[in-house]
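Working notes, beginning with the structure itself.
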Amino acid sequence: MYVAVKGGEQAIDNAHKLLAKQRRGDTSVAELGVEQIRQQLPLAVARVMTEGSLYDAELAALAIKQSAGDLVEAIFLLRAYRTTLTRFSASLPIDTSAMQLNRRLSATFKDVPGGQLLGPTFDYTHRLLDFTLLAEGEFPGPESQADAAVQDCPRVLGLLAKEGLIKEEQDTGASVADITREPLEYPASRAERLQALARGDEGFLLALGYSTQRGYGRNHPFAGEIRVGEVEVWIEPEELGFPISIGAIEVTECEMVNQFVGSATELPQFTRGYGLAFGHAERKAMGMALVDRSLRAGEYSEEIVSPAQQEEFVLAHCDNVEAAGFVSHLKLPHYVDFQAELELIRKLRTPSREQAQ
Amino acid sequence: MNAAQQIDRDAVSDRTQPLLKVRGLTKLYGPEKGCQDVSFELYPGEVLGIVGESGSGKSTLLSLLSGRCPPDSGVIDYRLADSHKSAGQWLDLYSASEAERRTLLRTEWGFVEQNPRDGLRMAVSAGANIGERLMAQGVRNYQALRAAGLDWLNQVEIDPARIDDLPRTFSGGMQQRLQIARNLVSGPRLVFMDEPTGGLDVSVQARLLDLMRGLVRELDLAVVIVTHDLAVARLLADRLMVMRRSHVVETGLTDQILDDPQHPYSQLLVSSVLQP
Amino acid sequence: MNAATQPRPQPQPQAPRDEAYNFAYLDEQTKRMIRRGLLKAVAIPGYQVPFGGREMPLPYGWGTGGMQLTAAILGAEDVLKVIDQGADDTTNAVSIRRFFARTAGVATTERTPEATIIQTRHRIPETPLHADQIMVYQVPIPEPLRFIEPSETETRTMHALNDYGVMHVKLYEDIATFGHIATAYAYPVTVDERYVMDPSPIPKFDNPKLDMSPALMLFGAGREKRLYAVPPFTRVTSLDFEDHPFEVQKWEHNCAICGSHDSFLDELILDDQGTQSFVCSDTDYCAQRVSQGRAAQ
């Protein structure tokens with residue numbers, strides 16, 4: 001008797017063992033340590049933390065190891081772990097203007113108070129394979145001056161706001177929904193949108209942001225400011241009544257300055273798009289900022305014609321864990337539905353067969 | 358305000374009561390962008406043309422009138438049909454619920470878009486396009502839908518043999534006639550039209566205008582038609598409103614405005630057309 | 634709760650539960666949130682209730698909605714059956730059954746009459762359900778209007794306003810094109826004469842089993858974060874036209890194993906020449922009939 005492709009427990013167990021073997025590779029090569037991943041693949045760790053919505057570099061590194069370098073899979077692992085965690089407290093909003101900067105740039109002004117700081121970046125490297133790395137040559141890097149004077153670095157867009165040249169963002173004081181706990185409903189608030197974008201797939205947001213630059217929902221962006229560095233996280237436990245710092249996290253923040261709007265009652269003002277990511281993740285933060293701005297089309301009475309402006313389209317499809325899951329479910333058996341379709345198509349073809357006779 | 362004043366329908370015949378009462382309608386996107394302070398009444402069977410150059414506020418006004426966009430201020434009252442459960446009552450369009458507005462839009466009202474692609478379901482057949490309103494009203498008999506489809510294709514001068522063809526296989530003029538059929542199948546009393554002949558070449562326009570004029574008279578439709586083409590206005594409209602920079606600058610009988618315009622802008626508009 | 638009518642093997646004994654996780658994986662707060670959603674769903678049959686769907690350790694699209702519902706209603710005394718395509722031994726069914734055996738330590742069964750909760754993907758068992766049973770359906774796209782209207786804002790308005798004419802446009806078009814309604818699965822239904830509902834991708838063959846069923850039907854869509862329900866003894870009618878009534882599939886063949894001529898059959902291709910054979914998609918139903926046949930002999 002023919003046996004359909006039905007797994008059984010043994011097949012699943014065997015598949016898991018084979019996966020473990022594939023992940024480990026040649027056992028004569030030393031096993032990759034989680035700490036090595038954390039130290040030497042920090043940008044991968046940053047992406048997994050950002051889209052996994054959990055700031056824990058060690059667990060992110062573990063997820064990367066476990067997923068054999070498949071970052072979407074690693075993000076999924078971190079998310080599934082995050083679900084089970086108890087919530088102790090919500091932090092106060094982080095104050096990125098008090099950031100310990102590693103990198104900062106503004107494309108809108110030649111110089112800004114606090115200065116531009118190039119920091120670690122691929123930006124001006126020549127993309128030539130470095131064969132010394134193949135030989136595993138050590139490169140210690142420059143001595144950094146831990147004692148460099150900390151300058152006051154006000155946010156660039158804040159300077160524009162002082163002149164009234166950019167729309168002020170209003171804090172409505174409303175409580176902010178947690179989209180990992182409550183379902184996202186449309187139209188979403190900006191806070192919910194930003195959460196969804198922060199969790200959204202870097203590649204998807206990059207492509208959408210790019211599409212706005214190419215005319216699909218153009219909004220004339222300038223990189224007002226990108227800053228990367230450490231900010232303190234504060235919580236205010238009810239029983240204490242005053243805030244306490246629980247540590248610092250590295251974040252990348254991007255504020256875009258976008259085309260101005262005016263109306264019958266208001267003078268023209270620039271508008272802005274906002275992006276924030278854990279760790280050093282400029283591409284993600286910039287893509288997010290572009291898409292945040294394009295999704296504000298309705299707010300500024302702009303015509304909504306392009307994918308990047310359509311809230312439901314963007315938010316419903318930006319999550320790579322959801323997307324990867326639903327695409328991969330096509331691998332599950334569908335033979336009952338397919339049988340129903342087979343039966344139907346045969347039935348539909350019957351009359352034409354009769355006509356042919 | 359007076360959303361539901363019961364009128365004495367025995368004392369006043371349907372024809373002498375307005376269908377639509379518009380007062381102080383305003384919606385501005387910028388200084389003189391949009392429309393402001395528009396008031397008029399529309400009677401059953403009457404065709405009102407709104408004319409003016411691009412950006413004068415014609416289309417904004419049409420969106421407000423047809424329930425698509427709430428005004429900044431002003432009121433639109435519509436007198437419900439006798440077949441309606443609140444027959445003869447006045448409905449304040451923007452105080453009414455979304456449900457009431459939608460019901461109106463798929464029963465007693467119609468909207469003919471400038472681009473038939475916006476007003477048709479391009480992915481389903483001509484028959485399905487015509488049948489949609491009937492299905493929304495609960496018709497569940499395939500043969501009845503079929504019969505209505507064939508009948509309306511006939512009425513708008515499309516070969517009934519094309520009932521199962523997709524609209525994309527139709528010419529622009531046919532698509533526009535199909536859109537009209539799709540609207541009229543529910544027997545509306547009031548139809549809004551946004552430059553219905555806009556994208557068509559002249560000979561096709563003439564045929565469509567002829568058809569529309571016939572249907573309007575035959576079915577006793579009230580129509581609000583937006584056009585920048587004064588020839589269209591002259592052929593179809595009983596009355597005209599001339600708009601410029603968000604204001605209605607002149608209103609009156611069509612012949613009167615076209616033959617003896619009073620406002621300098623109307624004079625300019627008319628003279629620019631009449632020049633060879 | 635065991636409604637088996639004849640001597641058969643007992644359900645799989647309870648395995649020790651994995652104590653590293655809460656009972657049935659989800660925390661109690663989340664389960665309460667889901668139960669509140671379910672109560673609302675039962676109160677408004679066929680209405681899609683948004684819920685705060687959690688990330689499950691299985692991929693989206695693989696039954697995370699159904700699993701969350703099962704987790705929320707599962708008790709220690711329940712007997713769980715999981716099927717995919719009607720079969721208990723398909724990989725995904727095995728994976729989900731194991732998950733609950735591990736995290737909840739509940740008894741599992743392959744036999745429909747013995748189960749108190751049946752989580753399913755794409756089928757309703759052939760064995761009639763009874764009032765002590767709950768069906769949990771895994772739903773990929775809960776919105777029956779989705780492929781006509783992509784916007785969620787718009788579809789929710791259409792549901793609210795009972796604005797369903799467009800559903801029949803699709804059926805009209807099928808008849809005009811093919812002479813039949815050409816929807817074979819996920820065939821839309823009207824629940825309790827109000828909401829149009831996607832019964833999940835079950836073949837339309839199974840639609841009549843939803844109507845006036847004594848069992849409670851729960852539907853969970855994890856990725857889309859929606860749940861909905863059909864309470865026991867609720868009218869569920871498949872959309873159709875008066876002169877083109879709803880019909881279910883029929884086969885010219887009988888099951889090659891049990892000889893059934895009224896169950897949903899899977900087509901097997903036996904060799905390179907394309908020789909076909911047809912067997913029951915519901916493996917438990919098929920096995921029941923075989924053992925009954927033997928007993929009769």
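Protein chains in written order, with this note's numbering: chain A, 1 to 357; chain B, 358 to 633; chain C, 634 to 930. Glycine is no exception: its CB is placed at the ideal position from the N, C-alpha and C atoms.
With contacts defined by Cβ atoms closer than 8 Å, A/D26 and A/D201 do not form a contacting pair. B/A504 does not reach chain C, its nearest Cβ partner there being about 12 Å away, counting only Cβ pairs nearer than 9 Å.
When CB distances to chain B are screened at a threshold of 9 Å, the residues of the region 798-819 of chain C falling below it are G798, V799, M800, H801, V802, K803, L804, Y805, E806, I808, A809, T810, in chain order. As summarised for the region 784-830 of chain C, the continuous beta strand (DSSP E) elements at least 3 residues long and confined to that stretch are 822-824, 828-830, given in chain order. With contact defined as three or more Cβ pairs closer than 8 Å, the region 474-488 of chain B and the region 514-527 of chain B are in contact.
One thing to note: B/S603 has its Cβ no nearer than 8 Å to the Cβ of B/G406. The region 744-762 of chain C makes contact with the region 832-845 of chain C, as at least three CB pairs between them are under 8 Å. Separation of B/E403 and B/M531 (C-alpha to C-alpha, rounded to the nearest whole angstrom) is 25 Å. Counting along the chain, B/V606 sits inside the beta strand (DSSP E) bounded by residues 604-610. Under the three-state reduction of DSSP, C/P683 is assigned to strand. Under DSSP, B/F527 forms no beta bridge with any residue.
Contact note: C/E875 reaches chain B through R497, N498, Y499, using a C-beta cutoff of 8 Å and chain order.
Contacts with chain C (Cβ-Cβ distance below 8 Å) from the region 206-217 of chain A involve no residue at all. In the structure shown, the three-state DSSP call for A/C254 is strand.
Taking C-alpha positions only, A/P221 is separated from A/M288 by approximately 12 Å. With a beta-carbon spacing of about 17 Å, A/A248 and A/E236 fall beyond the 8 Å limit used to define contacts. For B/L576, the uninterrupted alpha helix (DSSP H) segment begins and ends at 559-576. Distance from the CA atom of B/M569 to the CA atom of B/R596, rounded to whole angstroms, is 16 Å. A/I246 and A/G158 have their C-alpha atoms spaced approximately 27 Å apart.
Within the same chain, E759, C888, C913, S914, D915, Y918, C919 come within 8 Å of C/S896 by CB-CB distance, once the 5 residues on both sides are set aside. Looking from the CA of A/A196, the closest CA among A/D171, A/T84, A/L43, A/L315 belongs to A/L315.
Neighbours of B/A538 in chain C, taken as residues whose beta carbon is under 8 Å from its own, are absent, since the nearest beta carbon is some 15 Å off.
With the rule of 3 Cβ pairs closer than 8 Å, the region 550-560 of chain B counts as touching the region 583-599 of chain B.
DSSP, reduced to helix, strand and coil, places A/D13 within a helical segment of the structure shown. Closest option to B/E489, judged by alpha-carbon separation, among C/Y797, C/Y770, C/E782: C/Y797. Listed along chain B are A456, R459, T460, R463, A493, each with a C-beta nearer than 9 Å to that of C/D796.
For B/M600, the three-state secondary structure derived from DSSP is strand. Under the three-state reduction of DSSP, C/C919 is assigned to helix. Contact between the region 261-274 of chain A and the region 125-136 of chain A is absent, with fewer than three C-beta pairs closer than 8 Å.
Runs of the beta strand (DSSP E) spanning 3 or more residues and lying entirely within the region 438-479 of chain B occur at 447-449, 466-469, in chain order. Fully enclosed alpha helix (DSSP H) runs of no fewer than 4 residues occupy 840-843 of the region 838-867 of chain C, in order along the chain.
In this structure, C/P832 is the residue among C/G855, C/L671, C/P832 with its C-alpha nearest to the C-alpha of C/D844. Residue-level contact by beta carbon fails for C/T823 and chain B, as no gap is shorter than 8 Å. Contact annotation: the region 52-68 of chain A touches the region 21-35 of chain A, with at least three C-beta pairs closer than 8 Å.
Scanning chain C for C-beta atoms nearer than 9 Å to the C-beta of A/P187 yields T786, reported in chain order.
Taking C-alpha positions only, B/A480 is separated from C/T790 by approximately 22 Å.
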